[in-house]
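*Asks:* First the structure, which I've put down as structure tokens, then a few questions once you've had a look.
2 protein chains.
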Amino acid sequence: MNKLLTRREAEYLKVAFDLSSEKTSVGSLDIANRLGVSCASASEALKRLSEKGMIIREPWRGIRLTDLGLKEVSRIIRNHRIFETYVYRLLSVSLDEACECARRVELHLSDKIVDSMCRILGHPKRCPHNKNIPAGVLCCVELR
Amino acid sequence: MNKLLTRREAEYLKVAFDLSSEKTSVGSLDIANRLGVSCASASEALKRLSEKGMIIREPWRGIRLTDLGLKEVSRIIRNHRIFETYVYRLLSVSLDEACECARRVELHLSDKIVDSMCRILGHPKRCPHNKNIPAGVLCCVELR
DNA sequence: TTTAAAATTTAGGTATACCCTAAATTAAAC
DNA sequence: GTTTAATTTAGGGTATACCTAAATTTTAAA
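These protein sequence lines are chains A and B, in that order. Residues 6 to 149, numbered by the numbering used here, are exactly what the first sequence covers, in order. Residues 6 to 149, numbered by the numbering used here, are exactly what the second sequence covers, in order.
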């Protein structure tokens, strides 16, 4: 039972997370619509995510992210937004391109690299799109 | 006919490139040995690489990278080494970790981002392992 | 309360990427 | 010319990811 998420599974997890803050109950149909995929595909993907311990499925009640799932999705979002902010601010790359590249590398960045970028940026709270940047578990520690 | 290489195909292409500078003739067996894979798997992978226009296969004569293949592998190697050098030098990350992460993101970095890192580093000729860094097609242009 | 509608899952199929072993082929070396 | 070595093909296996159609379950309406 492999813990690592595939690119696509991460996509499902991110959508599940996003929808969770928009609606009280999130079902496979919501996720299928958002991803432009059939209900059956979404259902399968969610099953795999729950097998990997990322979500809890309660059919007709909606899904819930587990602590592991929340940790994972936060890490991915943090990776994306710190990388994007860094590249946009310090490498003079357009926001579109920074975001696009961040999407491609977000799964593959290491915590240390992202924390280092974060430190250099002065631990920003928001990305250039003005979205929240989750804190790094070990980042900022030296400031306390 | 999709032009983009998969992670694994890029691995095969890199090995093909490396071996080409070590031996006069590179066959599927050489590549299979280097990657720890059966001859049959290597043969298949090389077939796919030739369908994507990256190499020319001349059985019992060995393979040759096409111009496209050389361009592609140079881009990947450049991405790896510039990223690794940048992260090592400017983000205070260990060389092992920089290299490991570079391996994971090398396929996904955009030229603009890599060129920007390259400019900031002063267009280095070698990575911290002292390996050659291929020039970027559009990098350095403003210096001429 | 029963039934119809909506949400969801399961079953069965397709495609792609990898990998394997065993068998067939082809070139090179003796 | 045969044998040996390299290579490819054939046939299978697993995993991811998608689909449609059918079955299931819940909710809501008549």
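Ideal Cβ positions, reconstructed from N, Cα and C, are used throughout, including at glycine. Note that the coordinates shown come from a computational prediction; the quantities given were computed from them, not determined experimentally.
#1: Which residues, taken in chain order from the segment 115-149 of chain A, show a beta carbon closer than 8 Å to some beta carbon of chain B?
#2: Going along chain B, which residues have a C-beta under 7 Å from Cys-104(A)?
#3: Can you confirm whether Arg-109(A), when its beta carbon is compared against all beta carbons of chain B, has any partner nearer than 9 Å?
#4: Let me make sure I understand the geometry here. Which of Glu-105(A), Lys-117(A), Asp-116(A), Asp-120(A) has the alpha-carbon closest to that of Leu-114(B)?
#5: According to DSSP, is Gly-32(A) part of a helix, a strand, or is it coil?
#6: Under 7 Å Cβ to Cβ from Val-20(A), same chain only, skipping five residues before and after it: list those, please.
#7: To the nearest angstrom, report how far apart Leu-126(B) and Arg-86(B) are at their CA atoms.
#8: Flag Leu-96(A) as yes if its beta-carbon sits less than 9 Å from any beta-carbon of chain B, otherwise no.
#9: Using DSSP bridges, identify the partner residues of Leu-70(A).
#10: So with Cβ pairs under 9 Å, would you call Val-1(A) a contact of chain B?
#11: Val-31(B) CB to nearest chain A CB: under 9 Å?
#12: Compare the C-beta of His-85(B) with all C-beta atoms of chain A and state if any pair is closer than 9 Å.
#13: Go through its chain and collect everything with a Cβ distance to Lys-52(B)'s Cβ below 6 Å, but skip five positions before and after it.
#14: Is Arg-66(B) closer than 9 Å to Ile-60(B) when the C-beta atoms are compared?
#15: Thinking just about the alpha-carbon of each residue, which of Ala-50(B), Glu-63(B), Ala-15(B) is nearest to the one in Val-31(B)?
#16: In whole angstroms, give me the CA-to-CA distance for Arg-149(A) and Leu-112(A).
#17: Pull up the distance between the alpha-carbon of Asn-137(A) and that of Asn-84(A), whole angstroms please.
*Replies:* According to the data block:
#1: Ser-115, Lys-117, Ile-118, Ser-121, Met-122, Ile-125
#2: Here the question's residue 104(A) lines up with position 99 in the first sequence. What Cys-104(A) touches in chain B: nothing, since even the nearest Cβ is about 11 Å away.
#3: Taking the first sequence and counting its residues from 1, the one referred to as residue 109(A) is at position 104. Judged by the 9 Å Cβ criterion, Arg-109(A) is in contact with chain B.
#4: Position 109 of the second sequence, counted from the first residue, corresponds to residue 114(B). Here the closest residue by C-alpha is Glu-105(A).
#5: Counting from 1 along the first sequence, the entry for residue 32(A) is found at position 27. Coil at Gly-32(A), not helix or strand.
#6: Residue 20(A) sits at position 15 when you count from the first residue of the first sequence. Once the five neighbours on either side are set aside, the close Cβ partners of Val-20(A) are Ile-36, Arg-39, Leu-40.
#7: What you label residue 126(B) is simply residue 121 of the second sequence in a count that begins at 1. What you label residue 86(B) is simply residue 81 of the second sequence in a count that begins at 1. When rounded, the distance between both Cα atoms is 12 Å.
#8: Here residue 96(A) is taken as the residue at index 91 of the first sequence, counted from 1. Yes, because at least one Cβ of chain B sits closer than 9 Å to the Cβ of Leu-96(A).
#9: The residue given as residue 70(A) occupies position 65 in the first sequence. BP columns for Leu-70(A) point to Ile-60(A).
#10: This structure cannot settle anything about residue 1(A), because the visible part of chain A is limited to 6 through 149.
#11: Locating residue 31(B) in the second sequence gives position 26, where the first residue counts as 1. So, not an interface residue.
#12: Indexing the second sequence from 1 puts residue 85(B) at position 80. No, because no Cβ of chain A sits closer than 9 Å to the Cβ of His-85(B).
#13: To locate residue 52(B), count along the second sequence from 1; it is residue 47. Here the set comprises nothing.
#14: Start at 1 with the first residue of the second sequence, and residue 60(B) comes out as number 55. Start at 1 with the first residue of the second sequence, and residue 66(B) comes out as number 61. No, these two residues do not count as a Cβ contact at 9 Å.
#15: Translated into the one-based positions of the second sequence, residue 31(B) becomes position 26. Checked all of Ala-50(B), Glu-63(B), Ala-15(B); the closest Cα to Val-31(B) is Glu-63(B).
#16: For the purposes of this step, residue 149(A) is identified with residue 144 of the first sequence, where counting begins at 1. For the purposes of this step, residue 112(A) is identified with residue 107 of the first sequence, where counting begins at 1. Reliability fails at Arg-149(A), whose pLDDT of 46 lies under 50, so the model's placement of it is uncertain and the value that follows must be treated cautiously. Their backbone Cα atoms lie some 28 Å apart in a straight line.
#17: Reading the first sequence from its first residue, position 132 is the one you call residue 137(A). Reading the first sequence from its first residue, position 79 is the one you call residue 84(A). If I take the Cα positions, the gap works out to 12 Å.
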